[in-house]
Structure formats: structure tokens, C-alpha cells
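Visitor: Residues 218 to 602, numbered by the numbering used here, are exactly what the sequence shown covers, in order. Glycine residues also receive a C-beta, built at the ideal position from the N, C-alpha and C atoms. All figures in this text were calculated on a predicted structure; none of them were measured in a lab.
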Amino acid sequence: MAKKSAASKSTGSESKNKQNTNTVDDSSVLRQPAEVAFAEEIEALIAADKNPRPAGWRMSPRSVLTYITGGKVGSRTILPKYVGNDRVVQIAISTLVTDRALLLIGEPGTAKSWLSEHLAAAINGDSTKVVQGTAGTTEEQIRYTWNYAMLIAHGPSHEALIKSPIYRAMEQGSLARFEEITRCASEVQDAMISLLSEKRLSIPELSTELAAAKGFSVIATANTRDRGVNDMSAALKRRFNIVVLPTPAKMETEIEIVTNRVKELSADLALQSEMPGEDAIEQIVTIFRELREGQTLDGKNKVKTPSGVLSTAEAISLLTGSMALAGNFGDGSVSPADLAAGLQGAIVRDEEKDKLVWAEYLKNVVKKRGSAWRPLYTACEDHNG
218 MAKKSAASKS TGSESKNKQN TNTVDDSSVL RQPAEVAFAE EIEALIAADK NPRPAGWRMS
278 PRSVLTYITG GKVGSRTILP KYVGNDRVVQ IAISTLVTDR ALLLIGEPGT AKSWLSEHLA
338 AAINGDSTKV VQGTAGTTEE QIRYTWNYAM LIAHGPSHEA LIKSPIYRAM EQGSLARFEE
398 ITRCASEVQD AMISLLSEKR LSIPELSTEL AAAKGFSVIA TANTRDRGVN DMSAALKRRF
458 NIVVLPTPAK METEIEIVTN RVKELSADLA LQSEMPGEDA IEQIVTIFRE LREGQTLDGK
518 NKVKTPSGVL STAEAISLLT GSMALAGNFG DGSVSPADLA AGLQGAIVRD EEKDKLVWAE
578 YLKNVVKKRG SAWRPLYTAC EDHNG
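1) Nearest to aspartate 567 by CA position, among Ala370, Lys585, Val526 and Ser411, is which residue?
2) Go ahead and pull the three-state DSSP assignment for valine 446.
3) Look at lysine 416 and phenylalanine 433 and say whether their C-beta atoms are less than 8 Å apart.
4) Is the region 534-543 touching the region 555-571, taking contact as three or more C-beta pairs under 8 Å?
5) Could you give the DSSP three-state label for asparagine 458: helix, strand or coil?
6) Does DSSP put alanine 338 in a helix, in a strand, or in coil?
7) If you follow the beta strand (DSSP E) that asparagine 206 is in, where does it begin and where does it stop?
8) Is there contact between the region 286-300 and the region 470-490, where contact requires at least three CB pairs shorter than 8 Å?
9) Note the first and the last residue of the continuous alpha helix (DSSP H) segment covering leucine 423.
10) Would you mind stating whether alanine 668 and valine 290 have Cβ atoms separated by less than 8 Å?
11) Going by DSSP in three states, threonine 240 sits in which element: helix, strand or coil?
12) Within 10 angstroms of the Cβ of aspartate 515, are there 16 or more other Cβ atoms? Answer buried if so, exposed if not.
13) So the alpha helix (DSSP H) tryptophan 363 belongs to, where does it begin and stop?
14) What ranges does the alpha helix (DSSP H) occupy inside the region 502-579, keeping only unbroken runs of at least 4 residues that lie completely in it?
15) Between the C-alpha atoms of serine 292 and alanine 261, what's the straight-line distance to the nearest angstrom?
16) Would threonine 476 count as contacting chain B if we go by Cβ distances under 8 Å?
17) So the candidates are Leu320, Thr399 and Gly372; which of them puts its Cα closest to the Cα of threonine 351?
18) Check for me: the beta strand (DSSP E) holding glutamine 307 runs from which residue to which?
19) Look up serine 434 in the DSSP assignment and say whether it is helix, strand or coil.
20) Exposed or buried, what is threonine 238 when buried is set at 16 or more other beta-carbons lying within 10 Å of its beta-carbon?
21) Run through the DSSP bridge pairs and tell me what glycine 323 is partnered with.
22) Shortest alpha-carbon distance to isoleucine 285 belongs to which of Val502, Pro271, Lys267 and Glu258?
23) Does the distance from the CB of valine 435 to the CB of isoleucine 383 come in under 8 Å?
24) By DSSP's criteria, arginine 400 is part of a beta bridge. Which residues make up the other side?
25) List the residues that DSSP assigns as beta-bridge partners of valine 253.
26) Ends of the alpha helix (DSSP H) at valine 246?
27) Within the chosen definition, does the region 307-317 reach the region 353-370 through at least 3 CB pairs nearer than 8 Å?
28) Out of Ala451, Lys267 and Met409, which one is the CA nearest neighbour of methionine 387?
29) Taking alanine 251 and glutamate 334 to be in contact with their CB atoms under 8 Å, please state how far apart those CB atoms are, rounded to whole angstroms.
30) Determine the contact status of glycine 549 and serine 490, defining contact as a CB-CB distance below 8 Å.
31) Between leucine 336 and valine 281, what straight-line distance do the alpha-carbon atoms span, to the nearest angstrom?
32) Do the CB positions of arginine 456 and serine 414 come within less than 8 Å of each other?
33) Return the first residue and the last residue of the alpha helix (DSSP H) that glutamine 389 is part of.
34) Lysine 416 by DSSP, collapsed to three states: which one?
35) Leaving out five residues before and five after arginine 304 in sequence, what residues of the same chain have Cβ atoms less than 8 Å from its Cβ?
36) What would DSSP say about arginine 293, mapped onto helix, strand or coil?
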């Protein structure tokens, strides 16, 4: 099989390590990619970095760790992007230094996509090469497809080729992200096996192949409890180093994660409301943890679990939604009624089963927690009734 053409090699070389030119630092954009939102932190880490950098990386593994877990560089404070076990992050970064792909796996809401995005932002300055796995994802979206008007008019050519995010990552020697890989059909997932093994992509229509440049790798994510997923084959799993992201082990850790993200989101969305109080955040996290784990925090009482997952991400969404309610239809201070509305929507997914579970939890647990919980209990009872 013929080697990749000189013109294509030139294009790949010129593109290597460039940031996505379509990324615009515009305050009107709803959500900036991580490399734009945290550009100052990334540039400060790059400027101060004295450690060796792997091929295709903008900063050393030690600086990537600082970017992800937080720390200091000179007089600048680097905010933590992932709060949890630092060793998990070290293993993920070390995997990407090798020729192995990385699979981040865990329950919904354990920050798999968040960590994937920030790893790509720190390492390459581009987190936008993303394949989103769905039931409708095809093998062409993983490899390449064609501009069919040009294909019909002139036949197969490099100009008619539409490159997938993984194709561009191979060409440029950078990271590609594959979100929710287990939502793809098994035969589509298996299209990754040869790419990850051989690090080459065959293009038979052009009698050529693309060899991955140094620095290429894939970060995939997969849920363990979500519905509508397809198990990965053993052959595909062997191409990945698997890192399991646990739910926060400690109550304090989850409260810290929730508080930090709610602050960031409320600033980004310019919510016209005060932050919920510490007691309110603790109450929401307590309710989520107890219903998720099927027992009260002290372990003395069993509780029924609802049909939803009640992840940390959903607690964050509930609190930002409550702030939006308070800012637009209240006095700007998050009230128990605002929290109750969010809790009802988060917990009662199955009207028949979950409503009973929630009513029983309110009666047997929340009602008995004393005066500090009384306003939230009353608001939830009113809403559930």
C-alpha cells in the first residue's frame, strides 16, 4: 500500500499542535472550550514549565497534573478542575505519555467528560476533536467520509475527503476524544481496534494510508450504569488503559465539587441570584448521597432508592436551576421552595415509583431532622403533595 502523499504530510506537519482556528474568544459564546476559558492558566504553566515534554505536548506531565488538580505557578493560583484522588489523574496522564489509549469509566456524573476535556486542553490546547457516541454513530464518523458532490464530479481525492476528529488527531499528532463510546453499536466500536493497534488508517479509495504522528492518542469515556449502552468487546478493551472515576468518597469532597462548579456556572450564566448558603448545599448533597446509597449517612436507617442516578452533576444542575428561579421569580435569595422544586424534578422521574420513594424519605428521614431541616421539609411536602 502506498505511503501518505507528500502534500498530506505537509498539511499534517503545518497543522500539528495548532489550536482550532474556529475557536473564538467571544463573550457571547454560551460555553467556551476549556483551552479558552482557562487560557491564562495554561499559558502561565507553559511559560514556567522546565520539565521534559512528550512529543506533541504543550506542557510536561507534571504541569498537566497541576492544571487538573490545582496548585501554584509563580504568583498565580491554578484552580482545581478535578477534585478527587490525585493518583487517578496521575495514572490517566501517564497513560497518555505511552502509546496506549485511555478509557475513563464510571457512573454518570463522575466528571469523565470534564476530565477528558481538560486533559486535551492542557496537553494540546485543543479539546474540540470530539466524536460523540450515540446509537446513530457510524463507522464513517470515526474514520472519514466524503463530500459527495465533489466525489461524483471528480472522483476520490484528498480535497473531497471529510476528515473525522480522529483522522485529524492522527494527522496532527494530538488527542481525540470519544464521548460515550459504549452508546455506539458494537460493530462501530470495533472500528477503533485497528486504529489503536496499528496507529494507521487505511484509505483504499485513494490507495493510501494515514500513519499517526507522534503524540496521537484517544481519550474515551463510558458509563457503567446508564441505559442504552453496548458492552465493549474484550479485544477493544485491551487497547485501552482503563481508569475508573469513583463517586466522591467523602461528603466534604462532594460539597466542595458542587460549591465550586455552582460558583463557576452562576458566573458564566450571569444568574441574578445569591449563591445558596452552605447549609442548603449540604442538605442537597446529603439527600442525594442517602438516596443514591440506600441508607442514611450514619448507616442506621435504610431508605429506598429512586430510579434516577442522582449524580454530583445533577446536584450542581439542581442548585443552578434553583438560583435561576430565585433570580427571575424571587427576591434573588435561594429559598426552600426553590430547592424543593429542583428536588422534585431530580428525584421523581418515574411518577408512580419515585413519588412514593420521595414521600417516604421525607416522612421517615427529613421530617425527623429538626428545626434546621423544617423549612425544606415543609416546602418539599407542599410540592410533592
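Guide: Put simply:
1) Comparing Cα positions, the closest option is Val526.
2) The answer is coil: DSSP assigns valine 446 none of H, G, I, E or B.
3) Result yes, Cβ atoms of lysine 416 and phenylalanine 433 sit closer than 8 Å.
4) Touching, yes, given that three or more Cβ pairs across the two stretches are closer than 8 Å.
5) Note: asparagine 458 maps to strand in three-state DSSP.
6) Alanine 338 falls in the helix class under three-state DSSP.
7) Because the chain spans 218 through 602 in this model, residue 206 falls outside it and cannot be assessed.
8) Judged by Cβ distances under 8 Å, the region 286-300 makes contact with the region 470-490, as three or more pairs qualify.
9) Leucine 423 -> no alpha helix (DSSP H), and no H or E assigned at all.
10) Look at the range of the chain in this structure, 218 to 602, and you will see that residue 668 is not part of it.
11) Residue placement at threonine 240 is flagged as unreliable, the pLDDT there being 45, under the threshold of 50; the coordinate-derived value follows with that caveat. DSSP places threonine 240 outside both helix and strand once states are collapsed to three, so it counts as coil.
12) The residue is exposed, with fewer than 16 neighbouring Cβ atoms inside 10 Å.
13) For tryptophan 363, no alpha helix (DSSP H) segment is defined; the enclosing uninterrupted segment is the beta strand (DSSP E) at 361-363.
14) Secondary structure remark: continuous alpha helix (DSSP H) runs of at least 4 residues inside the region 502-579, in chain order: 529-546 and 553-564.
15) About 10 Å.
16) In the structure shown, chain B does not exist; there is a single protein chain.
17) Ranking the options by Cα distance to threonine 351, first place goes to Thr399.
18) Not the beta strand (DSSP E): glutamine 307 falls in the alpha helix (DSSP H), residues 303-314.
19) Secondary structure at serine 434: strand, using DSSP grouped into helix, strand and coil.
20) Bear in mind that the predicted position of threonine 238 carries a pLDDT of just 43, short of 50, making it unreliable; the figure below should be weighed with that in mind. Threonine 238 should be labelled exposed.
21) According to DSSP, which records beta bridges pairwise, glycine 323 is partnered with Asn440.
22) That would be Glu258, whose Cα lies nearest to the Cα of isoleucine 285.
23) In contact: valine 435 and isoleucine 383 (Cβ atoms closer than 8 Å).
24) In the DSSP secondary-structure assignment, arginine 400 is not bridged to any residue.
25) Answer is none; valine 253 lacks a bridge partner.
26) Annotation for valine 246: no alpha helix (DSSP H) segment contains it, and DSSP assigns it neither H nor E.
27) Not touching, per the Cβ criterion.
28) When only C-alpha atoms are compared, the closest one is Met409.
29) About 5 Å separates the Cβ atoms of alanine 251 and glutamate 334, confirming a contact at the 8 Å cut-off.
30) Yes.
31) Those two C-alpha atoms are separated by around 7 Å.
32) Yes, the Cβ-Cβ distance between arginine 456 and serine 414 is below 8 Å.
33) Counting along the chain, the alpha helix (DSSP H) containing glutamine 389 begins and ends at 382-389.
34) Residue state for lysine 416 is assigned as coil, using DSSP reduced to three classes.
35) So no residue of the chain qualifies.
36) The answer is strand: DSSP assigns arginine 293 an E or B state.
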